[in-house]
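Student:
Protein chains: 2
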Amino acid sequence: MAFSNQLNTFPQPGHDHDLCTSEALKIAEERCRSLGLRFTPLRRRVLEIVWAQHGPAGAYDILGKLRDDKQNAAPPTVYRALEFLVKNGFVHKIESLNAFVGCGSSGKNHSGQFLICGKCNQVGELDDTEIAAVIEKKAKRLGFKVARPTVEVLGLCETCDTAANG
Amino acid sequence: MAFSNQLNTFPQPGHDHDLCTSEALKIAEERCRSLGLRFTPLRRRVLEIVWAQHGPAGAYDILGKLRDDKQNAAPPTVYRALEFLVKNGFVHKIESLNAFVGCGSSGKNHSGQFLICGKCNQVGELDDTEIAAVIEKKAKRLGFKVARPTVEVLGLCETCDTAANG
DNA sequence: TTTCTTTATGTTATAATGTAGCATTTATTT
DNA sequence: AAATAAATGCTACATTATAACATAAAGAAA
Numbered sequence: 000m001a002f003s004n005q006l007n008t009f010p011q012p013g014h015d016h017d018l019c020t021s022e023a024l025k026i027a028e029e030r031c032r033s034l035g036l037r038f039t040p041l042r043r044r045v046l047e048i049v050w051a052q053h054g055p056a057g058a059y060d061i062l063g064k065l066r067d068d069k070q071n072a073a074p075p076t077v078y079r080a081l082e083f084l085v086k087n088g089f090v091h092k093i094e095s096l097n098a099f100v101g102c103g104s105s106g107k108n109h110s111g112q113f114l115i116c117g118k119c120n121q122v123g124e125l126d127d128t129e130i131a132a133v134i135e136k137k138a139k140r141l142g143f144k145v146a147r148p149t150v151e152v153l154g155l156c157e158t159c160d161t162a163a164n165g
Numbered sequence: 000m001a002f003s004n005q006l007n008t009f010p011q012p013g014h015d016h017d018l019c020t021s022e023a024l025k026i027a028e029e030r031c032r033s034l035g036l037r038f039t040p041l042r043r044r045v046l047e048i049v050w051a052q053h054g055p056a057g058a059y060d061i062l063g064k065l066r067d068d069k070q071n072a073a074p075p076t077v078y079r080a081l082e083f084l085v086k087n088g089f090v091h092k093i094e095s096l097n098a099f100v101g102c103g104s105s106g107k108n109h110s111g112q113f114l115i116c117g118k119c120n121q122v123g124e125l126d127d128t129e130i131a132a133v134i135e136k137k138a139k140r141l142g143f144k145v146a147r148p149t150v151e152v153l154g155l156c157e158t159c160d161t162a163a164n165g
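Read top to bottom, the protein sequences are chains Y and W. By numbering that gives the first Met the number 0, the letter at position 56 of the first sequence is numbered 55, and the numbering carries on one by one without gaps. By numbering that gives the first Met the number 0, the letter at position 84 of the second sequence is numbered 83, and the numbering carries on one by one without gaps.
1. Roughly how far, in whole angstroms, is the beta-carbon of W:Phe113 from the beta-carbon of W:Glu151, given that I think they are within contact range, below 8 Å?
2. Check each candidate in W:Phe9, W:Ala27, W:Gln11 and W:His16 and name the one with the smallest Cα separation from W:Lys86.
3. Taking C-beta pairs closer than 7 Å, name the residues in chain W that Y:Lys144 reaches, listed in chain order.
4. Can you find a C-beta in chain Y that's less than 9 Å from the C-beta of W:Glu82?
5. Between which two residues does the alpha helix (DSSP H) containing W:Lys25 stretch?
6. What residue range does the alpha helix (DSSP H) around W:Thr128 cover?
7. Return the chain-ordered list of same chain residues with a C-beta closer than 6 Å to the C-beta of Y:Gly57, the five sequence neighbours on each side being excluded.
8. Hey, is Y:Pro55's beta-carbon within less than 9 Å of any beta-carbon in chain W?
9. With three or more beta-carbon pairs closer than 8 Å as the criterion, would you say the stretch 44-53 of chain W touches the stretch 14-21 of chain W?
10. DSSP beta-bridge partners for W:Ala98?
11. Between the Cα of W:Leu96 and those of W:Ile48, W:Asp60, W:Lys25 and W:His14, spot the shortest distance and give me the residue it belongs to.
12. Below 8 Å on the Cβ atoms is my contact criterion, and I expect W:Asp127 with W:Ser110 to pass it. Report the Cβ-Cβ distance as a whole number of Å.
13. Which residues bound the alpha helix (DSSP H) around W:Lys64?
14. How big is the Cα-Cα spacing for Y:Pro148 and Y:Val122?
15. Mapping the DSSP letters down to three states, classify Y:Pro148 as helix, strand or coil.
16. Just reading off the beta strand (DSSP E) that Y:Cys119 is part of, what are its end residues?
17. Name the residue from Y:Ala132, Y:Leu153 and Y:Phe38 whose alpha carbon lies nearest to the alpha carbon of Y:Asn120.
18. Could you tell me the boundaries of the alpha helix (DSSP H) in which W:Lys86 lies?
19. Give a yes or no on whether the minimum CB-CB distance between Y:Thr175 and chain W is below 9 Å.
20. What does DSSP give as the partner residue(s) for Y:Glu124 in the beta ladder?
21. Along the stretch 123-136 of chain Y, where does the CB come closer than 8 Å to a CB of chain W? Name the residues.
22. Is it buried or exposed for W:Leu6, if we count other Cβ within 10 angstroms and need 16 for buried?
23. Name the residue from Y:Glu124, Y:Arg79 and Y:Leu155 whose alpha carbon lies nearest to the alpha carbon of W:Lys144.
24. Closest Cβ-Cβ distance between W:Pro148 and chain Y: below 9 Å?
25. Leaving out the 5 sequence neighbours to the left and right, which residues in its chain are closer than 8 Å to Y:Thr8 when beta-carbon positions are compared?
26. Sort Y:Val45, Y:Val100, Y:Ala132 and Y:Ile93 by Cα distance to Y:Thr76 and report the nearest one.
27. Compare the C-beta of W:Cys171 against all C-beta atoms of chain Y and say whether one is closer than 9 Å.
28. Is Y:Ala131 near the ligand ADP, going by C-beta to nearest heavy atom under 8 Å?
29. Determine which residues of the stretch 68-98 of chain Y have a Cβ less than 8 Å from any Cβ of chain W, and write them out in chain order.
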C-alpha cells in the first residue's frame, strides 16, 4: 500500500489534512484486523478526533468533540480508548503537553521522538534510528537497560521560524 | 571548588545522600549570589526537600514535607518555588512523571536528559553532548529550531537489573 | 531615612488532568 | 444457548496545577 501523504516528520502547512486522517484510520483498521485487536466504533472515533486536530489534543478536548455525537461520554470513555490506541501504537502521548497525537508510522518503529513547535503547536514525529542508537549506547555505558526512550524537543518549526524571522 | 560526591549520572546505592543535598544547596546559594537571584528561605527549603528524596518528588509530596515546618503552605507556595528553581536550573521537571528532581550540574549545560528506573524510581541525569548534538542535527535538517530538548528514558538501572537478573 | 517600586509570599478558590470501582452491555468461546 | 471475557457506562473521586487578589518583604530612588 502506498500513501501519497507524509504521515511522518513535520506536517507542512498546505498538506491534505483529511487524507492524513483517512489513511491513519485505514492503517489502524488493517493492523487491528491482522492482529486480532478490536477496533471498535468508539476507538475508531477517538482516533479520528485525534487525527482531525493534526496537532496535540488534550483528553478533555477529545472528550468535548466526542460528546458531539455521544452525549454520555465521560472521562474514562476517552482515557480507555486512548490507552488502547497508545498501547497499540496508533497514538502517542506527548508528556510535556499532557496531550495526544496520531502516530505517523503505526506499526513500524516507535522511538517516541517529537518536535514540538511552541508557536503553532504542531508536532512532528522523528523516528530517527541514529538518535535512538546514541541514547541506547550512552545508557548502556551506565549499565542502564532502556525500555522506552522519549525525546520531546520544544522549539520553532520552519514555517513559524520563517514567518517570524523572514 | 571540588566535590567528593557524584551529583551527575545515576546515583549509586551506597552514596552519601546528605552530602549530595548539602553540596547542591551550597552550589545554589553561591550561584544565586553571583547572579543576583534571591535564594529565599522558602526556595532553599523546597530545594532541600527535593534533594532529600534523591528521586523524583511530586509537588504535593513536597508540599506535605514543607508543611512539617510551615503549616500554612499551599500549592502555589510550592509551585512558585519550583518555578524559580526550574527556571534557574537547580531543579528539573520530569515530564513523564509530573515530578521534580534536583539538578546534578546546576549552572553547566542543561540538556535535560534523564534515565528513569521503573523499579526503584531513581533518576539519573545524563547531560550528554553527543545525544544533544544528534538531536540538534536531525532537527536542523528539518528546519526546526531547537529551544529546549528533553530526553526521558524509562528503563531499568544497573542495580535493579542486577538484583532481578543476577 | 522615607518613599516608591518591585518581587515574593499568603490565601482562597478553582481549573485541568487522570483513575478507581462497580454495573451493564457486547463480543467471543464453549 | 450458556459461559466467559472484553468493552463500555457511569458515579465518584484523586491528583496535578493555576488564577486572582491581598499582604509583606526587599531593593532602589528620593
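Just so it is clear, CB atoms sit at the ideal spot from N, CA and C, and this is done for glycine as well. In this text the structure is predicted, and so the values were computed from the model without any measurement.
Tutor: Working from what's here:
1. Here residue 113 of chain W refers to the residue found at position 114 when the second sequence is read from its first residue. Here residue 151 of chain W refers to the residue found at position 152 when the second sequence is read from its first residue. That belief holds up - the Cβ atoms of W:Phe113 and W:Glu151 are roughly 5 Å apart, short of 8 Å.
2. Residue numbering aside, residue 86 of chain W sits at position 87 when the second sequence is read from its first letter. Cα-wise, what sits closest to W:Lys86 is W:Ala27.
3. If you number the first sequence from 1, residue 144 of chain Y lands on position 145. In chain order: Gly154, Leu155 and Asp160.
4. The residue given as residue 82 of chain W occupies position 83 in the second sequence. Taking Cβ atoms only, chain Y never reaches closer than 9 Å to W:Glu82, which makes this a no.
5. Within the second sequence, the letter at position 26 stands for residue 25 of chain W. If you look at W:Lys25, you'll find it in the alpha helix (DSSP H) that goes His16 to Leu34.
6. Looking up residue 128 of chain W in the second sequence gives position 129. Start and end: Thr128 to Arg140.
7. To locate residue 57 of chain Y, count along the first sequence from 1; it is residue 58. Sequence-distant partners of Y:Gly57 (beyond 5 residues in either direction) whose C-beta falls short of 6 Å from its own C-beta, in its chain, are Ala98.
8. Start at 1 with the first residue of the first sequence, and residue 55 of chain Y comes out as number 56. Not closer than 9 Å to any Cβ of chain W, the Cβ of Y:Pro55 fails to qualify, so no.
9. With the cut-off at 8 Å, the stretch 44-53 of chain W and the stretch 14-21 of chain W touch.
10. Within the second sequence, residue 98 of chain W is the residue found at index 99, counting from 1. Beta-bridge pairing links W:Ala98 to W:Ile93.
11. What you label residue 96 of chain W is simply residue 97 of the second sequence in a count that begins at 1. Nearest option by C-alpha distance: W:Asp60.
12. By 1-based counting over the second sequence, the position of residue 127 of chain W is 128. By 1-based counting over the second sequence, the position of residue 110 of chain W is 111. The C-beta distance from W:Asp127 to W:Ser110 rounds to 7 Å, short enough to meet the 8 Å contact threshold.
13. By 1-based counting over the second sequence, the position of residue 64 of chain W is 65. Element bounds for W:Lys64: Ala58 to Leu65.
14. Here residue 148 of chain Y refers to the residue found at position 149 when the first sequence is read from its first residue. Here residue 122 of chain Y refers to the residue found at position 123 when the first sequence is read from its first residue. Roughly 17 Å separates the two Cα atoms.
15. Taking the first sequence and counting its residues from 1, one reaches residue 148 of chain Y at position 149. Secondary structure of Y:Pro148 (DSSP, three-state): strand.
16. Here the question's residue 119 of chain Y lines up with position 120 in the first sequence. For Y:Cys119, there is no enclosing beta strand (DSSP E), as DSSP marks it with neither H nor E.
17. Sequence index remark: in the first sequence, residue 120 of chain Y carries index 121 (1-based). Nearest C-alpha to Y:Asn120: Y:Leu153.
18. Within the second sequence, residue 86 of chain W is the residue found at index 87, counting from 1. Counted as a single uninterrupted DSSP element, the alpha helix (DSSP H) harbouring W:Lys86 occupies residues Pro74 to Lys86.
19. This structure cannot speak to residue 175 of chain Y, because chain Y is shown only from 0 to 165.
20. Taking the first residue of the first sequence as position 1, residue 124 of chain Y is located at position 125. In DSSP, Y:Glu124 forms a bridge with Y:Thr8 and Y:Phe113.
21. Sequence-ordered contacts of the stretch 123-136 of chain Y with chain W read Gly123, Leu125, Asp127, Glu129, Ile130, Val133 and Ile134 [C-beta pairs closer than 8 Å].
22. As a first step, residue 6 of chain W is located in the second sequence; it is residue number 7 there, counting from the start. Model confidence at W:Leu6 stands at a pLDDT of 44, short of 50, so the residue's coordinates are unreliable and nothing is read from them.
23. Taking the second sequence and counting its residues from 1, the one referred to as residue 144 of chain W is at position 145. Looking only at Y:Glu124, Y:Arg79 and Y:Leu155, the smallest Cα-Cα distance to W:Lys144 is reached by Y:Leu155.
24. Start at 1 with the first residue of the second sequence, and residue 148 of chain W comes out as number 149. With a threshold of 9 Å between beta carbons, W:Pro148 makes contact with chain Y.
25. Here residue 8 of chain Y refers to the residue found at position 9 of the first sequence. The answer, listed in chain order, is Gly103, Gly123, Glu124 and Leu125.
26. Along the first sequence, one-based indexing puts residue 76 of chain Y at 77. Looking at the Cα atoms, Y:Val45 is the closest of the given residues.
27. This structure cannot speak to residue 171 of chain W, because chain W is shown only from 0 to 165.
28. Of ligands this structure carries none, so the ligand ADP is not represented either.
29. Of all residues in the stretch 68-98 of chain Y, Glu94 and Ser95 have a Cβ within less than 8 Å of some Cβ in chain W.
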